[in-house]
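Quick notes on the structure that follows.
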Amino acid sequence: MKTFYGDTYINKEDLKEIGINYPIKIEYYKTYKKGDIENATYGIEIVKRSYLEGNTNIEKRTIKNVNKNDHIINKILKVLKENAVTPISAQEVIDDLLYAN
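Residue numbers 0 to 100, in numbering that gives the first Met the number 0, belong to the letters of the sequence shown in order.
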C-alpha cells in the first residue's frame, strides 16, 4: 500500500541548462504492507513523469524496508522532495540520509 507524500516540478531554468525543453514532475510516496500499519517497515516510491510532445514517459523506483520509524521516513521524504531527487539517484541519497541519522 502507498500514501502520497507530495510532488514537485523540476525548475525550468535548471532543465534548460542541461538541454531539456519539457516539464518533469516527481512524485513521492510512503509505502508499507496493507494492514500492517502498527508494525510497518516503511519504504519509499518515487515516480518521475516527463511530458514530451503529447507523451508521458514514466520512470519509477520503489525502495522497500527503509525504516520502521514513521518520523524518519517523513524527514527523508521531505529532503527528497525539497531537492527534487529522481528515481535513479534515490537509493544513494536515502542511504546517505539514513547514515546521517
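Glycine included, each C-beta is placed from N, C-alpha and C at the ideal position.
Just so we're clear, the structure is a prediction, and the values are computed from it rather than from any experiment.
Alpha carbon to alpha carbon, what distance is there between residue 88 and residue 44?
Their backbone Cα atoms lie some 12 Å apart in a straight line.
Return yes when the Cβ of residue 8 is within less than 8 Å of the Cβ of residue 76, no when it is not.
No, Cβ-Cβ distance for residue 76 and residue 8 is not below 8 Å.
Name the residue from 0, 21, 78 and 1 whose alpha carbon lies nearest to the alpha carbon of residue 10.
21
Enumerate in chain order the residues of its own chain whose CB-to-CB distance from residue 78 is below 7 Å, with the five nearest sequence positions on each side excluded.
96
Quick check on residue 19: does DSSP put it in helix, strand or coil?
coil
Classification of residue 28 by the beta-carbon crowding that lies within 10 angstroms, buried from 16 upward:
buried
Cα-Cα separation between residue 55 and residue 92, rounded to whole angstroms:
Annotation: residue 55 to residue 92 spans about 25 Å, alpha carbon to alpha carbon.
Buried or exposed, going by whether 16 or more other CB atoms sit within 10 Å of the CB of residue 30?
buried
Whole angstroms is fine: what's the gap from residue 67's alpha carbon to residue 15's?
39 Å
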